[in-house]
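> Quick one: the structure is below, questions incoming.
Number of protein chains: 2
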Amino acid sequence: MPADLLLTNIRLPDGAPSSVLVRDGVIRALGVGAAAPDLSPVDGGHQLLLPGLVNAHAHIDKNMLGRPWLPNQVPLTRTIVDYSSTERRLRRELELDAREQAAQFLRVALETGTTHVRTHVDIDTDAGLKHWEGVLAARDAFRDVMTMQTVAFPQSGMLARPGTVELLEAAVRGGADAIGGLDPSTVDRDPVRHIDTIFGIADRYGVEVDIHVHEPGMLGAFSVELIVERTKALGMQGKVTLSHGFCLGQVDEPYLGRLIDMLLEARITVMSLGSGPQAFPPLLRLRAAGVPLCTGSDGVRDTWGPQNKVDMLDRVRLLGWRINARRDDEIEALLAMATYGGAARMGDTAYGLAVGCAADFVLVPGDGPSQAVVDQPPRTLVVKRGRIVARDGRLALPATFGSA
Amino acid sequence: MPADLLLTNIRLPDGAPSSVLVRDGVIRALGVGAAAPDLSPVDGGHQLLLPGLVNAHAHIDKNMLGRPWLPNQVPLTRTIVDYSSTERRLRRELELDAREQAAQFLRVALETGTTHVRTHVDIDTDAGLKHWEGVLAARDAFRDVMTMQTVAFPQSGMLARPGTVELLEAAVRGGADAIGGLDPSTVDRDPVRHIDTIFGIADRYGVEVDIHVHEPGMLGAFSVELIVERTKALGMQGKVTLSHGFCLGQVDEPYLGRLIDMLLEARITVMSLGSGPQAFPPLLRLRAAGVPLCTGSDGVRDTWGPQNKVDMLDRVRLLGWRINARRDDEIEALLAMATYGGAARMGDTAYGLAVGCAADFVLVPGDGPSQAVVDQPPRTLVVKRGRIVARDGRLALPATFGSA
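Chains X and C, in that order, give the protein sequences. Using my numbering, the letters of the first sequence correspond one by one to residues 1 to 404. Using my numbering, the letters of the second sequence correspond one by one to residues 1001 to 1404.
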């Protein structure tokens, strides 16, 4: 339900004092003069207005938020297959309800200023479409307060588990925005057939591709080359996301330069969460080259591990600490991955702090965007389409909003 | 002022329900039966009790807490000398008051459950002993609520800046617990004379050594060897701290194994903050080998960079994310660096959650220590020597406590 709002006495990201007038969920005026006699102004306390945060890579169907702490049970070998096998077992044992966990996630996302979420959804021959249906139900429940996209994602492998392709296709027919993929060589053992299969689905149904490539070094780079070739062959430039793409941080010059050129030619977006232990794409270099970038939370408090948070400012700070970003311009470049970069990936052309844009924004204390990233203060106000959805770090909606 | 306290309905780190009875600042009883008719019990709400957090590597004299955001001005070459030169300039221009900034730091430290701080203090020929005197004044003001140690630290170089040695000696005579050092080759350009000088001071005055070694690879390892040799020659086993020691994460086997043996023989503690961009000591391997470990905040919101926080749980989480610590035992091993490991380095033999220990502890929500690390919730109660110094994340002392 788009709303009207007059928010006064705020600072824009460049420091300029302003007010914001919202009519029917759309920013109609910005600047010190914005006024509306029929609206009671909300005083922004001279705080900083940022555009809504964009989580372009989540797994909202399988977190443990609101549940007891779960000791990690993944074998120390820690392969992707170890993680997904452990996850399938625990998912059954714990009787995780994808809709409820998605709602848990989305409520915290709203509290922390996230207005857009692209989520991967596990689809496999154990769970069938149960997670998919749970996430769709959550998406419907949050329709007015969260912009969402879904990726039909073969977390447990695709070719390796017959029947998975048909399930993925069913989800795509059911409205997924993208078809996912996962480590074509190391998980599915057949890079060409894996990538051909998902691009085939994308082409047939007119959806995007968003593929997890954790594969290291030259093996991952070979996957990237195959992805680029098919993106161009099918005319899917601008519709493909390379998620993680650790290999981009692990190959030598001049090959990295050639890979960057390929990504640019295919207009592929790189989604990076960074990585604690591994080398990952050189973010500021990719940005300087013009490669579209976005970021996300990844899975939060799940069977994979406990370190991720829903809060996108936390992700941006982690990226900054990891790449030694100390200057404001560096930190703001990373923040753009969690704002404009993510919104562009999600195809939201009405995103931004400008007249005519959707009124999706977040008010925070802090002298500027870098301080907000570093301090991650409770969000003073979170506004979706003109409606105040969170205040002082707490949901301004019923506490069980979106639960069944 | 040590106090009495009866804290009931808490869980110990192993999950056991308990109460804690404190008399005159000392834990006198633990367990479900602990009681004292003369004290009004404080209900712990079934939350988790952790020993007080220990920040064993801070620079409390030169943060910008409570001041406007300062855009980073360090040249992109980013050498240690660039950082310290920029810092000296800005310190003058901003007229930073070491005592006031130290108090700002220590108040946030208390709010976040830190009960022990070892701080390096800049001593150089520009500032003379001004920072030293400021930190001593803050230490005195916080004497009842914070256990502190000071390191007389030549941040701007020592041999490279004549007159510095004399100032360092003056601080050591004035009560510094340790003499610091800094990159004997890359900053001071003479590793043997640098290390001989600081060990000479330590030997003459009977203080510890705590030396920053950021030097990479084999160059840093050569410094480590020189430090080990002098530690043994002077009988200073157990009294030396290697801070950062990035080189330990940058040398090959079997040399790393030999370095670990040397550290063990000299009973040298390794202080690590991890590092975003650089390889750093392999913490869990060092721990398994028996090398004493501790950690800290480093400088916070200073001219070096904005990414560090005062909160020690934040540091532990960063370490965990960076080394891919996902299991509870791994995360708890890192937390021990910020608790028992730090307290051991600071020589506090009365530290811990046991009868007879000083009543320095922190109460947090969470199912166990790992969840506290990952969630970093506001600290419900922070207790120093039986006295409640913070509650629900806010100081339970006057807001300007410790300021002049």
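The C-beta atom is built at its ideal place from N, Cα and C for all residues, glycine as well.
Using a Cβ cut-off of 7 Å, pull out every chain C residue sitting near Gly305(X), in sequence order please.
Correct list: Arg1326.
> With a threshold of 7 Å on Cβ separation, who are the neighbours of Ile172(X) within its own chain once the five nearest residues in sequence on each side are excluded?
The sequence as given places Val at residue 172(X); Ile does not occur at that position. So the qualifying residues of the chain are Ala152, Ile179, Ile201, Tyr205, Val207.
> Any idea if Glu1253(C) is buried or exposed, counting beta-carbon neighbours within 10 angstroms, 16 or more meaning buried?
Under this definition Glu1253(C) is an exposed residue.
> In the region 1051-1063 of chain C, which residues sit with their C-beta less than 7 Å from some C-beta in chain X, listed in chain order?
Those would be none; no residue qualifies.
> Roughly how many angstroms separate the alpha carbons of Ala396(X) and Gly1341(C), rounded to a whole number?
Cα-Cα distance, rounded: 43 Å.
> If we define contact as Cβ-Cβ less than 8 Å, is Asp14(X) a contact residue for chain C?
By this cut-off, Asp14(X) is not an interface position.
> Could you have a look at Leu48(X) and say whether DSSP puts it in helix, strand or coil?
Three-state DSSP puts Leu48(X) in a strand.
> Run through chain X and tell me which residues come within less than 7 Å of Val1374(C), C-beta to C-beta.
Going along chain X in sequence order, the residues near Val1374(C) (Cβ under 7 Å) are Pro306, Gln307.
> Identify, in the order they occur along the chain, each residue of the same chain with its Cβ nearer than 7 Å to the Cβ of Ala350(X), setting aside the five sequence neighbours on each side.
Here the set comprises Cys357, Ala358.
> Compare the C-beta of Pro292(X) with all C-beta atoms of chain C and state if any pair is closer than 8 Å.
Closer than 8 Å: no.
> With distances taken Cα to Cα, identify the nearest neighbour of Leu283(X) among Pro277(X), Asp188(X), Cys294(X).
When only C-alpha atoms are compared, the closest one is Cys294(X).
> Quick one: what's Gly180(X) bridged to in DSSP?
Partner(s): Asp210(X).
> List the residues that DSSP assigns as beta-bridge partners of Cys294(X).
Paired residue(s): Met271(X).
> So, with DSSP's three-state summary, where would you put Lys239(X)?
It is coil, neither helix nor strand.
> Residues of chain C with CB closer than 9 Å to the CB of Ile10(X), please, in chain order.
Those do not exist, as Ile10(X) stays about 17 Å from chain C at its closest Cβ, beyond 9 Å.
> So if I threshold CB-CB distances at 8 Å, which residues from the region 1178-1189 of chain C count as touching chain X?
If the cut-off is 8 Å between Cβ atoms, the region 1178-1189 of chain C has nothing near chain X.
> Checking contacts by CB at 8 Å: is Val1074(C) closer than that to chain X?
Taking Cβ atoms only, chain X reaches closer than 8 Å to Val1074(C), which makes this a yes.
> Taking the DSSP output, what are the residues bridged to Val22(X)?
Val22(X) pairs with Leu5(X), Ile27(X).
> Of all the options Val1228(C), Glu1093(C), Ala1390(C), which has the alpha carbon lying nearest to the alpha carbon of Ile1195(C)?
For the residues Val1228(C), Glu1093(C), Ala1390(C), the minimum Cα distance to Ile1195(C) belongs to Val1228(C).
> Can you find a CB in chain X that lies within less than 8 Å of the CB of Leu1318(C)?
Yes, its Cβ sits closer than 8 Å to a Cβ of chain X.
> Just the chain X side, please: which residues come within less than 8 Å of Phe1371(C) by C-beta, in chain order?
Reading off the sequence, residue 1371(C) comes out as Gln, not Phe. Here the neighbours are Trp69, Pro306.
> Report the option in Asp1061(C), Asp1188(C), Arg1327(C) whose CA atom is closest to the CA atom of Arg1118(C).
Of Asp1061(C), Asp1188(C), Arg1327(C), the residue nearest in Cα terms is Asp1061(C).
> Less than 8 Å separating the beta-carbons of Gln371(X) and Asp314(X)?
Result no, Cβ atoms of Gln371(X) and Asp314(X) do not sit closer than 8 Å.
> Going along chain X, which residues have a C-beta under 8 Å from Pro1277(C)?
What Pro1277(C) touches in chain X: Arg322, Ile323, Asn324.
> Nearest chain C C-beta to Asp367(X) closer than 8 Å, yes or no?
For Asp367(X), the answer is yes, since a Cβ of chain C falls inside 8 Å of its Cβ.
> Out of Asp1038(C), Leu1039(C), Pro1041(C), Ser1019(C), state which residue places its alpha-carbon closest to the alpha-carbon of Gly1031(C).
Per the Cα distances, Ser1019(C).
> Label Leu167(X) either buried or exposed according to how many other C-beta atoms from any shown protein chain fall within 10 Å of its C-beta, with 16 as the threshold for buried.
Buried: at least 16 other Cβ atoms inside 10 Å.
> Closest to Glu111(X) by C-alpha separation, out of Asp188(X), Val310(X), Gly235(X), Pro277(X), would be which residue?
It is Val310(X).
> Do you know offhand how far Leu1007(C)'s Cα is from Leu1319(C)'s?
When rounded, the distance between both Cα atoms is 31 Å.
> Kindly indicate which three-state DSSP category Lys1232(C) falls into: helix, strand or coil?
In the structure shown, Lys1232(C) sits in a helix (DSSP, three-state: H, G or I).
> Expressed to the nearest angstrom, what Euclidean distance is found between the alpha-carbon atoms of Gly352(X) and Pro51(X)?
Roughly 6 Å separates the two Cα atoms.
> Quick check: the Cα distance between Thr443(X) and Ala1338(C), rounded to an integer number of angstroms?
There is no way to answer for residue 443(X), as the model of chain X reaches only from 1 to 404.
> With a cut-off of 8 Å on the beta carbons, I'd call Gly1305(C) and Ala1138(C) a contact; round off their distance for me.
The pair is not a contact, with the Cβ atoms about 23 Å apart (cut-off 8 Å).
> In chain order, what residues of the same chain lie with their CB nearer than 6 Å to the CB of Glu225(X), ignoring the 5 residues before and after it?
There are no such residues.
> Sorted by chain position, which residues of the same chain lie with C-beta nearer than 6 Å to Gly257(X)'s C-beta, five sequence neighbours on each side aside?
Closer than 6 Å at Cβ, skipping near neighbours: no residue.
> Report the rounded CA-to-CA distance for Asp392(X) versus Pro378(X), giving the unit in angstroms.
Near 6 Å, if we compare the C-alpha coordinates of Pro378(X) and Asp392(X).
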